[in-house]
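Chemist: One structure is given below, represented as structure tokens, and several questions about it will come after.
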Amino acid sequence: MTPSPTVLRAERLSPEQVEQVLTLMRVAGDTDGALPLSEHVVLHLRHGGEAPAVHLLIATNQEIVGYAHVDTTDAVEGASAEMVVHPLHRRRGLGRALVRAAIEVADEHAAGRLRLWAHGDHPSASALAIRLGFDRVRVLLQLRRSLFAPLPEVVVPQGVRLRAFVPGQDDEAWLALNAAAFADHPEQGKWTLDDLRVRIREPWFDAAGFILAEREDRLLGFHWTKVHGDESQAPAHEPIGEVYVLGVSPDAHGGGLGRALTLAGLHHLRNRGLAQVMLYVDESNTRAVALYHRLGFVRWAADVSFQRAL
Numbered sequence: 048m049t050p051s052p053t054v055l056r057a058e059r060l061s062p063e064q065v066e067q068v069l070t071l072m073r074v075a076g077d078t079d080g081a082l083p084l085s086e087h088v089v090l091h092l093r094h095g096g097e098a099p100a101v102h103l104l105i106a107t108n109q110e111i112v113g114y115a116h117v118d119t120t121d122a123v124e125g126a127s128a129e130m131v132v133h134p135l136h137r138r139r140g141l142g143r144a145l146v147r148a149a150i151e152v153a154d155e156h157a158a159g160r161l162r163l164w165a166h167g168d169h170p171s172a173s174a175l176a177i178r179l180g181f182d183r184v185r186v187l188l189q190l191r192r193s194l195f196a197p198l199p200e201v202v203v204p205q206g207v208r209l210r211a212f213v214p215g216q217d218d219e220a221w222l223a224l225n226a227a228a229f230a231d232h233p234e235q236g237k238w239t240l241d242d243l244r245v246r247i248r249e250p251w252f253d254a255a256g257f258i259l260a261e262r263e264d265r266l267l268g269f270h271w272t273k274v275h276g277d278e279s280q281a282p283a284h285e286p287i288g289e290v291y292v293l294g295v296s297p298d299a300h301g302g303g304l305g306r307a308l309t310l311a312g313l314h315h316l317r318n319r320g321l322a323q324v325m326l327y328v329d330e331s332n333t334r335a336v337a338l339y340h341r342l343g344f345v346r347w348a349a350d351v352s353f354q355r356a357l
């Protein structure tokens, strides 16, 4: 019988360990066609922060070949885990060992409540989660659209003007709008000033692509765009735009502002010479999915969240 892999636990990683984990993530992403760790986890790895997390590691000959990040900060939903196993070390029980270790962390910190994310919705990840007592509870769709295809013109509601976000000036007002627009969202609505500012400091940040809609100096909505794969980022690949975050104040729904902001961002990305644009949207958000389909987006991939059955 093959012995169970040894899983090490750490509250902080050394810079060398962080680089090993990021390299492991890129290797797995190249193999699977989807990065196994979310932006939130990557930012936590690179910059740290006050929010606690538990790092689970499996190493062979001092090389990290398995990793899990367990976030224990959500007192309502419970712990959340994301993990990755090196493609050359799969089918050896490493994934199972990481999940079981994540369950132990959840038992200690979150009354056993644990969510697992499977980026790319690979059948093997789903099979492992279900075998270990998890239920499939949430699907995050990735949609894509060609920017070579015709784009409708931007029609802004009467009295509304569009302008670029100004760092240091719009931070607090944007945070309030974001919280209102995503009050029911499990992640986005909880952003703090630190969450915003750490992204403003990222090499990809472009204030011109962070479009605000306002009427009489009151923010009503926004479309924050992002570009993946430019020369400042690694690994290098053909650049692709993203509808990074799109939000509209609840009292401004139904007036066409969401469509106008979406199109304003798409025109901005096309004017930068990009050929494609992507976005993420909850499958359950049928209103947003319908809007994006009308604007030419189609399904590309999916990320799935599994909840431990207690």
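The numbering used here applies: residue 48 is where the sequence shown begins, and numbers increase by one. Where is the CB? At the ideal position from N, CA and C, for every residue including glycine.
1) What did DSSP end up calling E129 once you bin it into helix, strand or coil?
2) Quick one: which unbroken beta strand (DSSP E) runs of 3-plus residues sit fully inside the segment 187-224? Chain order, please.
3) Is DSSP giving R59 helix, strand or coil here?
4) Apart from the five residues just before and just after S51, which ones in its own chain have a Cβ nearer than 7 Å to its Cβ?
5) Starting from D241, trace the alpha helix (DSSP H) in both directions and tell me its first and last residue.
6) When the Cα of H102 is compared with those of D217, L82 and S61, which residue comes out closest?
7) Leaving out five residues before and five after H315 in sequence, what residues of the same chain have Cβ atoms less than 8 Å from its Cβ?
8) Please name the residue, chosen from A322, N318 and D350, that lies closest to S331 on a Cα-to-Cα basis.
9) Using the C-alpha atoms, what's the distance from H270 back to D77?
10) Could you give the distance in angstroms between the alpha-carbon of R210 and the alpha-carbon of V186?
11) With 16 as the cutoff for other CB atoms within 10 Å, does N318 come out buried or exposed?
12) Decide yes or no for the touch test of the segment 154-163 against the segment 127-141: beta carbon pairs closer than 8 Å, at least 3 of them.
13) Have a look at F252, D182, L188 and E249 and flag the residue whose alpha-carbon is nearest the alpha-carbon of D329.
14) Which ranges does the beta strand (DSSP E) cover as unbroken runs of at least 3 residues, wholly within the segment 78-113, from first to last along the chain?
15) Whose C-alpha, out of A356, H156, A307 and G167, is nearest the C-alpha of Y327?
16) In whole angstroms, what is the alpha-carbon distance linking R246 and A149?
Modeler: Taking the coordinates as given:
1) Three-state DSSP puts E129 in a strand.
2) DSSP assignment within the segment 187-224 yields the following whole beta strand (DSSP E) runs of 3 residues or more, N-terminal first: 208-211.
3) Judged by DSSP in its simplified three-state form, R59 adopts coil rather than helix or strand.
4) The answer, listed in chain order, is G140 and A144.
5) That run of the alpha helix (DSSP H) goes L240 to I247.
6) Residue S61 is the option with its Cα nearest to H102.
7) Cβ-Cβ distances below 8 Å link H315 to A255, G256, I258 and T272 in the same chain, with the five nearest sequence neighbours on each side left out; the list follows chain order.
8) With distances taken between CA atoms, S331 lies nearest to D350 out of A322, N318 and D350.
9) When rounded, the distance between both Cα atoms is 29 Å.
10) Going from the Cα of R210 to the Cα of V186 covers about 33 Å.
11) Answer is exposed; the Cβ neighbour count stays below 16.
12) Segments in contact, yes.
13) Looking from the CA of D329, the closest CA among F252, D182, L188 and E249 belongs to L188.
14) Fully enclosed beta strand (DSSP E) runs of 3 or longer: 100-107.
15) Closest by alpha carbon: G167.
16) Rounded to whole angstroms, the separation of the alpha carbons of A149 and R246 is 28 Å.
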